[in-house]
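All remarks here apply to the structure that follows.
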Amino acid sequence: MVCRSLARRLAATSKRVVSELKERRGSATFFESIKARHSKRLEELDKKLEESEKSRNPASNGAIQGILSRLCERVFAKDCRFVQVGSSVNGLHSDNSDVDLVFFPTDVEKRNKFFKDFHNNGDFKMQYIYTMSKLITREVENLGIPVESCVVLHQLRLPLLIIHLKNGQSIDIQFPDEQFQAIRNTNLIRHYVQCDHRLSLLFLYLRMLFDALDIRNSKYGLLSSYHILLLAVHFLQSEQALTPWPVMPVLCKTHANLVGAQIPIDDVVSMLDSPQVSIEWNSHNQMPVSELAVRFIDYYSNFDTSQHVIYIEKGLTSRRRQVSGEVHLLLVDPYSRMTVCRSSAAAKAFAESVTYLRRKMTNGQFLDSFPTFPEASLFRTQTKFQSWRVYARERKVVVDKRMQDQSSEAELQDS
Numbered sequence: 001m002v003c004r005s006l007a008r009r010l011a012a013t014s015k016r017v018v019s020e021l022k023e024r025r026g027s028a029t030f031f032e033s034i035k036a037r038h039s040k041r042l043e044e045l046d047k048k049l050e051e052s053e054k055s056r057n058p059a060s061n062g063a064i065q066g067i068l069s070r071l072c073e074r075v076f077a078k079d080c081r082f083v084q085v086g087s088s089v090n091g092l093h094s095d096n097s098d099v100d101l102v103f104f105p106t107d108v109e110k111r112n113k114f115f116k117d118f119h120n121n122g123d124f125k126m127q128y129i130y131t132m133s134k135l136i137t138r139e140v141e142n143l144g145i146p147v148e149s150c151v152v153l154h155q156l157r158l159p160l161l162i163i164h165l166k167n168g169q170s171i172d173i174q175f176p177d178e179q180f181q182a183i184r185n186t187n188l189i190r191h192y193v194q195c196d197h198r199l200s201l202l203f204l205y206l207r208m209l210f211d212a213l214d215i216r217n218s219k220y221g222l223l224s225s226y227h228i229l230l231l232a233v234h235f236l237q238s239e240q241a242l243t244p245w246p247v248m249p250v251l252c253k254t255h256a257n258l259v260g261a262q263i264p265i266d267d268v269v270s271m272l273d274s275p276q277v278s279i280e281w282n283s284h285n286q287m288p289v290s291e292l293a294v295r296f297i298d299y300y301s302n303f304d305t306s307q308h309v310i311y312i313e314k315g316l317t318s319r320r321r322q323v324s325g326e327v328h329l330l331l332v333d334p335y336s337r338m339t340v341c342r343s344s345a346a347a348k349a350f351a352e353s354v355t356y357l358r359r360k361m362t363n364g365q366f367l368d369s370f371p372t373f374p375e376a377s378l379f380r381t382q383t384k385f386q387s388w389r390v391y392a393r394e395r396k397v398v399v400d401k402r403m404q405d406q407s408s409e410a411e412l413q414d415s
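Residue numbers (UniProt numbering): 1 to 415.
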């Protein structure tokens, strides 16, 4: 019996290895066919990506930090502050990026007591957020920044205060729990960006591409920028995706002292406050970003979301133990035990889009048409009545109405 069981396990392992080897050979063959037919388009894509990266304005982030510093001085006492998170900190900001902040009490004892009261007492939570919204809105305007409206999303698991500015941008303030995932996530991506500049270029390509396909909007149940980043990180660090060499290391293994889940949150905040430090890492993988983009689409078009889980901390995927109910894109970052992508609509949208993209890339589409991708209009038309697209539209109606009601209520209270 033992021998038979061992033989079955060996056979299963052998079958899996053979399958992975076939997938890798298939990926190489797919890219080579694209390169043979559309090499000029690939070269043009690389050129456009480099030009777009150079055109980003780093000075805009300095202006944000100046405003943030003055806002904290006007709003808080010494035992509270805002921690800047997201693209404005991790090195992936653009001129029109929103400002993402996390409310952060600096005194540990007061912090623990505050969040216990905040998340367990609905009345206190509502009163605190609405008081904060009025105070912050007033002080933002006192800084000479015109405010369009203010919305409080108190019903979310992690409440959100959104201040819409008249220039089209917004200041989004999250009230976290004791996990402070947004802060830890930002620190993680910030260090990955320092590993290899190709991550920021690949993300730029994917963000513009998924915007053109209209599948990036987590507010309406689709993909978020963080989801896209984790998909890119997994692809670039996993030997299951790139062989013989990945582009980036698995930071939780090589630099756990910088990104590990065990690091005290105050130390993580200190790292975000400090200048970025380069990661000592040199990859043997010299693929240009255009090749990585094509291989990314090919890899995920063959990725079965119903069967596999992506673990960023481990740098690999593993098979799901069981499949029941709706299929989700199982993206597990180092700071959570469950997927960070909780919408089945996002999983369906992603799977359908990469399958479509792989087919169209053989004809040279979605390469040098960056950054506008006009050919994406056909995908939007063809998927108009897909279940995930209908869900996103319905969710948009609900969310937008809720935000409109919040804005109208705030105007009445101010009048």
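Glycine included, C-beta positions come from ideal geometry on N, C-alpha and C.
Supposed close pair residue i, residue j - CB separation, criterion 8 Å
i    : j    : result
H191 : V259 : 6 Å
L153 : P146 : Not a contact, Cβ separation roughly 22 Å.
S283 : M248 : 7 Å
T317 : V309 : 6 Å
A349 : L202 : 19 Å between Cβ atoms; not a contact.
F175 : F103 : 5 Å
S369 : G221 : 27 Å between Cβ atoms; not a contact.
L161 : M126 : With a Cβ gap of about 12 Å, L161 and M126 do not count as contacting.
A241 : T305 : About 15 Å separates the two Cβ atoms, so there is no contact after all.
I215 : S353 : 5 Å
Where residue i falls, given that 16 or more other Cβ within 10 Å makes a residue buried
i    : result
T383 : buried
S39  : exposed
D298 : buried
A28  : exposed
A77  : exposed
A392 : buried
L42  : buried
Q237 : buried
G325 : exposed
Run of the beta strand (DSSP E) containing residue i, from where it starts to where it stops
i    : result
C341 : Per DSSP, C341 belongs to no beta strand (DSSP E) and is neither H nor E.
V83  : 80-85
T317 : 316-319
I162 : 160-165
Span of the alpha helix (DSSP H) around residue i
i    : result
S225 : 225-237
H308 : Segment 308-311 is the beta strand (DSSP E) holding H308; no alpha helix (DSSP H) there.
L367 : Unbroken run through L367: none, as it is neither H nor E.
A212 : 198-213
V259 : 256-259
L222 : Unbroken run through L222: none, as it is neither H nor E.
I297 : 289-301
V108 : 108-120
Collapsed DSSP secondary structure at residue i in the structure displayed
i    : result
E148 : strand
F103 : strand
Q404 : helix
D266 : helix
V327 : coil
Q382 : helix
S170 : strand
L143 : coil
L153 : strand
V332 : strand
R190 : helix
R74  : helix
R56  : coil
L272 : helix
R395 : helix
L21  : Summary for L21: the model assigns pLDDT 44, below 50, so the residue's position carries little reliability; its value from the coordinates is reported in the next sentence. In this structure, L21 counts as helix in the three-state DSSP scheme.
Other residues of its chain near residue i: CB distance less than 7 Å, five sequence neighbours each side excluded
i    : result
P105 : D79, C80, R111, F114
F366 : L209, L357, K360, F373, E375
K15  : Note on K15: pLDDT 47, under 50, position unreliable in the model; the coordinate value appears next. If we look at K15 and ignore the five residues flanking it on each side, it has no Cβ neighbours.
A345 : G221, L222, W388, Y391, A392
W245 : S283, H284, N285
V89  : T186, R190, L272
L92  : V193, S200, F203
P288 : D46
D52  : According to the sequence provided, residue 52 is Ser. The question's Asp does not apply to it. Closer than 7 Å at the Cβ level, and outside the excluded window around S52, lie L204, P371.
K219 : V399
Proximal residues to residue i (C-beta, below 6 Å), its chain only, five neighbours per side dropped
i    : result
D100 : V85, G86, D172
V340 : L331, D333
Y335 : Q181, R184, A261
E178 : F115
Q404 : none
L188 : V259
Any non-hydrogen atom of the ligand COA within 7 Å of residue i CB
i    : result
Y300 : For the ligand COA, the structure offers nothing, since it holds no ligand at all.
8 Å CB neighbourhood of residue i in its chain, flanking five on each side removed
i    : result
A232 : L199, L202, F203, L206, F296
L71  : F82, I136, E139, V140, L143
E50  : L201
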